[in-house]
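Contents: one structure, followed by commentary.
There are 2 protein chains.
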Amino acid sequence: MTDNKKPDHSRRKERSRRAILEATRALVAEEGYDGISIEAIASRAGVGKQTIYRRWPSKDAVVFAAILALGENRDGDDIALPDTGDLRADLRLVLRATVEEFTDPAFDRLMRAVNTAVSDNETLAARYREEFARPLDEAKRARLLSAREAGELSPDADLDLMLETLYAPLFQRWLHRSGPLTAEYADALVDTALRAFGP
Amino acid sequence: MTDNKKPDHSRRKERSRRAILEATRALVAEEGYDGISIEAIASRAGVGKQTIYRRWPSKDAVVFAAILALGENRDGDDIALPDTGDLRADLRLVLRATVEEFTDPAFDRLMRAVNTAVSDNETLAARYREEFARPLDEAKRARLLSAREAGELSPDADLDLMLETLYAPLFQRWLHRSGPLTAEYADALVDTALRAFGP
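Top to bottom, those sequences are chains V and B. Once you know that position 71 of the first sequence is 71 in UniProt numbering, the rest is easy, because the numbers rise by one and skip nothing. Once you know that position 98 of the second sequence is 98 in UniProt numbering, the rest is easy, because the numbers rise by one and skip nothing.
Following this line, the structure appears as structure tokens:
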């Protein structure tokens with residue numbers, strides 16, 4: 001309803017915004033951050049360069065917006081972790097999927113672009129945490145909370161620290177390319193976290 | 001002896017190399033990576049721009065060389081971990097020192113520059129691992145090995161995974177500015193790793 005009442009130019013604006021952000025993600029995934037330009041994005045999205053510059057001051061800004069937009073239409077069900085009542089099995093499934101995601105070349109290029117942006121700029125880091133990472137972290141935390149209540153974790157387990165213990169080694173290994181990212185590695189991370197935070 | 005036999009121009013070259021790398025580190029620490037230029041480095045080091053370009057093709061390359069050079073004159077004693085026979089106490093000391101290092105603004109800027117370089121470039125990542133990170137990792141690993149032999153760790157403790165469990169959360173928190181870096185946090189990381197890998 002609300003959408004139908006929107007004046008045409010506002011719907012057109014939203015369409016062009018989405019086209020720009022999709023083109024940006026596709027190009028970063030194909031070419032990597034250094035290989036793309038505002039011109040290439042405009043051409044891929046079928047808009048003029050000025051349409052991009054009216055909204056975003058730089059390539060950094062549009063790439064970052066393109067990443068954040070991935071989080072826009074997530075709802076709770078999309079990002080909830082499985083809860084079969086067996087924490088080890090559920091975490092292995094999730095960590096193995098995360099490993100696979102990080103070894104996908106398109107995802108790899110996108111995430112390296114995000115990381116550089118976030119590392120260099122405190123404002124972007126805060127937006128990334130709030131708009132992108134936090135909902136995911138809360139979904140993970142909810143699964144750990146249910147496990148703690150079910151007695152699968154120690155009653156005083158620090159769930160934020162447990163999340164870091166699970167995910168940070170994988171993240172660092174990926175960022176520094178310092179070791180293989182495999183299903184066995186995912187399982188070893190789960191086992192380590194359960195030894196540290198189990199009952 | 002060998003040094004005395006070096007022809008003058010070779011000693012001069014080495015002196016100018018060191019001056020350039022020191023000037024680079026000082027400038028990155030003061031201004032951050034984005035705030036510096038080859039011109040500023042040349043001026044600070046008292047050399048011409050061409051002297052820099054003859055050796056390094058880009059700002060990236062000279063900044064990276066400046067970081068690697070920090071590892072050049074390290075010897076085993078400099079980087080060995082304390083070994084008092086009490087692993088928990090020794091690791092707390094070391095992790096607390098690491099936290100302090102990461103909260104120092106000059107170190108912070110240098111390391112963010114390194115990380116961006118390493119994240120974006122596989123060749124630099126490999127050089128960083130081999131020339132800079134590996135000797136430090138081996139020193140840490142030696143301390144864990146001695147603890148495992150003394151029965152302070154489980155006989156089948158995976159020491160590389162234990163190092164990642166100790167350091168990766170701190171690294172990720174620092175890179176993404178996602179939480180406070182405090183002595184209490186350092187202690188919590190040590191306790192987590194010892195619960196996971198203890199006997």
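By construction, the Cβ of each residue, glycine as well, lies at the ideal position given by its N, Cα and C atoms.
With a threshold of 16 other CB atoms inside 10 Å of the CB of residue i, please say whether the residue is buried or exposed.
{"i": "R18(B)", "result": "exposed"}
{"i": "A42(V)", "result": "buried"}
{"i": "A80(B)", "result": "exposed"}
{"i": "K140(V)", "result": "buried"}
{"i": "S119(B)", "result": "buried"}
{"i": "S37(B)", "result": "exposed"}
{"i": "L70(V)", "result": "exposed"}
{"i": "Q74(V)", "result": "Note on identity: in this sequence residue 74(V) is Arg, with Gln being the wrong assignment. By the neighbour-count rule (16 or more Cβ atoms within 10 Å), R74(V) is not buried but exposed."}
{"i": "A183(B)", "result": "exposed"}
{"i": "A23(V)", "result": "buried"}
{"i": "A97(B)", "result": "exposed"}
{"i": "T84(B)", "result": "exposed"}
Out of curiosity, what's the CA-to-CA distance linking residue i and residue j?
{"i": "V47(V)", "j": "P169(B)", "result": "42 Å"}
{"i": "L181(B)", "j": "T103(B)", "result": "7 Å"}
{"i": "M1(V)", "j": "S58(V)", "result": "Confidence in M1(V) is poor, its pLDDT being 48 and thus under 50, which makes the residue's placement too unreliable to answer from."}
{"i": "G55(B)", "j": "E138(B)", "result": "In the sequence on display, residue 55(B) carries Arg and not Gly. Between R55(B) and E138(B), the C-alpha separation is close to 30 Å."}
{"i": "L153(B)", "j": "R88(B)", "result": "11 Å"}
{"i": "A150(V)", "j": "R173(B)", "result": "29 Å"}
{"i": "A196(V)", "j": "L145(V)", "result": "16 Å"}
{"i": "G179(V)", "j": "A106(V)", "result": "19 Å"}
{"i": "residue 251(B)", "j": "L21(B)", "result": "An answer regarding residue 251(B) cannot be provided, because it is not within the stretch 1 to 199 covered by chain B."}
{"i": "K49(B)", "j": "Q50(V)", "result": "37 Å"}
{"i": "V190(V)", "j": "A142(V)", "result": "17 Å"}
{"i": "G198(V)", "j": "A157(V)", "result": "8 Å"}
{"i": "T123(B)", "j": "E131(V)", "result": "33 Å"}
{"i": "F64(V)", "j": "A117(V)", "result": "7 Å"}
{"i": "G35(B)", "j": "L68(B)", "result": "20 Å"}
{"i": "A40(B)", "j": "D108(V)", "result": "34 Å"}
{"i": "A147(V)", "j": "A193(V)", "result": "13 Å"}
{"i": "E30(V)", "j": "L136(B)", "result": "36 Å"}
{"i": "E72(V)", "j": "Y128(V)", "result": "12 Å"}
{"i": "F171(B)", "j": "D187(B)", "result": "15 Å"}
{"i": "A66(B)", "j": "D86(B)", "result": "36 Å"}
{"i": "V175(B)", "j": "Y53(B)", "result": "Looking at the sequence shown, residue 175(B) is not Val but Leu. Their backbone Cα atoms lie some 31 Å apart in a straight line."}
{"i": "E101(B)", "j": "N121(V)", "result": "20 Å"}
{"i": "D60(V)", "j": "P155(V)", "result": "44 Å"}
{"i": "L166(B)", "j": "V28(V)", "result": "33 Å"}
{"i": "P82(B)", "j": "P82(V)", "result": "43 Å"}
{"i": "D78(V)", "j": "D78(B)", "result": "50 Å"}
Is residue i close to the ligand ADP? I mean its beta-carbon at under 6 Å from any heavy atom of the ligand.
{"i": "A40(V)", "result": "Among the ligands in the structure shown, none appear at all, so the ligand ADP cannot be discussed."}
Less than 8 Å between the CB atoms is what I'm expecting for residue i and residue j, so what's the real figure, rounded?
{"i": "A26(V)", "j": "R15(V)", "result": "Rounded, the Cβ-Cβ distance is 16 Å, inconsistent with contact."}
{"i": "A133(B)", "j": "R177(V)", "result": "With a Cβ gap of about 11 Å, A133(B) and R177(V) do not count as contacting."}
{"i": "V62(V)", "j": "Y185(V)", "result": "With a Cβ gap of about 34 Å, V62(V) and Y185(V) do not count as contacting."}
If you pair each beta-carbon of the stretch 158 to 167 of chain V with each one of the stretch 104 to 118 of chain B, do three or more pairs fall below 8 Å?
-> The stretch 158 to 167 of chain V and the stretch 104 to 118 of chain B do not touch, with fewer than 3 CB-CB distances between them shorter than 8 Å.
Examine the Cβ distances between the stretch 88 to 98 of chain B and the stretch 9 to 18 of chain B and report whether three or more of them are shorter than 8 Å.
-> At 8 Å Cβ cutoff, the stretches do not touch.
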